[in-house]
Amino acid sequence: MSEASIRPALITTVLPDSIAAEVGFEVGDRLVAINGQRPRDLIDYQFLCADEVLELEVLDRSGRTHQIEIEKDYDEDLGLEFDTALFDGLIQCNNRCPFCFIDQQPPGKRETLYLKDDDYRLSFLYGSYLTLTNLSPKEWERIEQMRLSPLYVSVHATEAEVRIRLLKNPRAGKILEQLRWFQERRLQIHAQVVLCPGINDGNHLTQTLLDLSQFHAGDIPAVASVAVVPVGLTRFRPDGDELIPVTPEKAQEVIAQVQELQAKFRQQYGSNVVWLADEWFLIAKQELPPESDYEDYPQIGNGVGSIRLFLKEFQKAARKLPKRLKSPRHFTWVVGNAVELAFQPIVQRLNQVQGLEVRMVAIASKYWGQTMTVTGLLTGQDILNALKDQDLGDGVLLPSLMLKQGDTRFLDDMTVADLAQQLNTRILPVSGVEELVERCKGRGGE
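Offset between the sequence shown (1-based) and the working numbering: plus 30.
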């Protein structure tokens, strides 16, 4: 990557009372270099800013260059935020996985929905999954030198021919060799297996999990955890993709198969090592495992234990619920129908408050063509179709994970304002349990 391809980093936030605010940084300024080096991403920026004396090259909004010297404590943050974590552009995916969600979307939506990232830097910074198939020797060297660990890796299968078939990439067969590379350098990954019936299930799944467990040994296990996730399909997926939906019978089979291995791993390693995403139990219509099963929730970002954790956090937050409200309130709470049964206790507890009525509407997505839908995939059109011409009370409680981060758009590009106008009601986004409880009490920004 040449220095010429690294764009000066656009500053979008200057935190109040920070060093940057004191020096006079403004939104719209661009950071060019730190101590003579151009940061290619947020990792470089954080590393270079750890020094006590910094010489910064900055472009102001009018295009003039400034040289700024700063003395600070070691590791003290400057207080700057940028429009992107990557100043030299995204490392794109070079695989053609048939189950890729990017390829299962309709055309004509916002450009960012079609970006296929496979970038180890986003994996390190934010926990996004990558395949390791597109890394040059220089990138491997950088991971080692900067100790970029843990990374989050889509393994899917450890048998070379099966993984090549899944990723449609001949470089995909090197996964065990790459895992040994992490092990030798005492670096870690969290692994995921997207299970596609008929391709990487059955004996292939057992082999994959046994292979991955071999890397869990030692004080710094190379494979810290593994999540098994059911393939998600939409009506927009390409023809002839070989993929079969996960049936309740297949879900029951996978649960039994993995739980048998978990028992083996607990004896051998003192940990489950591998976890099943909550969706397996929802599809199989089985009770979720107890809270203790999830240990320290190492795969929470993959939907492993998120329902149990939500229920636990709700029990704690519910202590703040009053016995009665001063003025009656009636809300409609929309969720994906995958969690309908699991969230019944929450609705029952909320409705124990005198004067509070919460009606849960559990929706399957016609937009994606799914019979079972997780909450985060619901679109504005799905909600509009389900709620139009209904009495929605004092407003709709909307889980904010349906929305683009930092924005008010659903996956189908409808905005919250559009939905509110068409339903002729207030839309009240809720982020997490605390905000759900506060909204119901009549607080939280109303």
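Don't be surprised by glycine CBs; every beta carbon is placed ideally from N, CA and C.
Residue i and residue j look like a contact to me (Cβ under 8 Å); what is the Cβ gap, rounded to whole Å?
i	j	result
Gly366	Leu414	Incorrect: roughly 15 Å between the Cβ atoms, too far for contact.
Leu273	Val261	6 Å
Leu428	Val364	6 Å
Arg94	Gly58	About 12 Å; that fails the 8 Å criterion.
Val44	Phe55	5 Å
Lys471	Pro352	7 Å
Using the Cα positions of residue i and residue j, report the straight-line distance between them to the nearest angstrom.
i	j	result
Pro320	Lys342	11 Å
Val19	Gly425	It is not possible to answer for residue 19, since the shown part of the chain is limited to 31 through 476.
Leu143	Thr264	Because the pLDDT at Leu143 is just 46, under 50, the model does not fix this residue reliably, and the point stays unresolved.
Ile285	Pro38	49 Å
Ser32	Asp118	Caution applies to Ser32, whose pLDDT of 49 falls short of 50 and renders its modelled position unreliable; the value that the coordinates give is listed next. Their backbone Cα atoms lie some 9 Å apart in a straight line.
Leu78	Arg60	16 Å
Cys226	Lys346	37 Å
Glu317	Phe311	6 Å
Arg20	Ile393	This structure gives no information on residue 20, because the portion of the chain shown stretches from 31 to 476.
Leu217	Ser357	56 Å
Gly462	Lys168	40 Å
Glu370	Thr405	10 Å
Leu152	Val383	43 Å
Leu40	Tyr150	22 Å
Leu339	Tyr327	9 Å
Thr277	Lys294	26 Å
Ala80	Ser179	18 Å
Val377	Thr409	22 Å
Glu207	Phe112	36 Å
Under the three-state reduction of DSSP, which class applies to residue i: helix, strand or coil?
i	result
Leu143	Low per-residue confidence applies at Leu143: pLDDT is 46, beneath 50, and the placement is therefore not dependable, though the value from the model is reported in the following sentence. If DSSP states are grouped into helix, strand and coil, Leu143 belongs with the helices.
Ala252	coil
Ile194	helix
Gln382	coil
Tyr159	strand
Ala63	strand
Lys168	helix
Leu217	coil
Arg354	strand
Leu181	strand
Thr445	strand
Ala439	Inspection of the sequence shows that residue 439 is occupied by Arg rather than by Ala. Arg439: strand per DSSP, three-state reduction.
Asp241	helix
Asp74	helix
Judging by CA-CA distance, which residue of the options is the nearest neighbour of residue i?
i	options	result
Trp398	Leu209, Glu387, Leu441	Leu441
Val83	Ile205, Gln292, Asp105, Val369	Asp105
Leu239	Gly228, Gly248, Ala254	Ala254
Ala187	Ser179, Ala202, Ile173, Pro180	Ala202
Leu380	Arg359, Lys396, Val303	Arg359
Ser184	Met176, Arg177, Arg193, Leu178	Arg193
Met402	Ile313, Arg296, Glu207, Asn164	Ile313
Gln175	Asp271, Arg215, Arg354	Arg215
Gln287	Thr236, Pro251, Asp103, Ser336	Thr236
Ser301	Gln282, Ser322, Arg70	Ser322
Glu468	Thr42, Leu386, Met390	Leu386
Ala252	Leu86, Phe212, Ala368	Phe212
Leu344	Gly331, Thr362, Phe373	Looking at the sequence shown, residue 344 is not Leu but Phe. Residue Phe373 is the option with its Cα nearest to Phe344.
From the DSSP output, which residues share a beta bridge with residue i?
i	result
Met390	Trp363
Val426	Thr362, Ile457
Ala257	Gln222, Trp305
Phe112	Ile41
Gln97	Glu87
Quick check: is the beta carbon of residue i nearer than 7 Å to any beta carbon in chain D?
i	result
Asp421	This model lacks chain D altogether, as it is built from one protein chain only.
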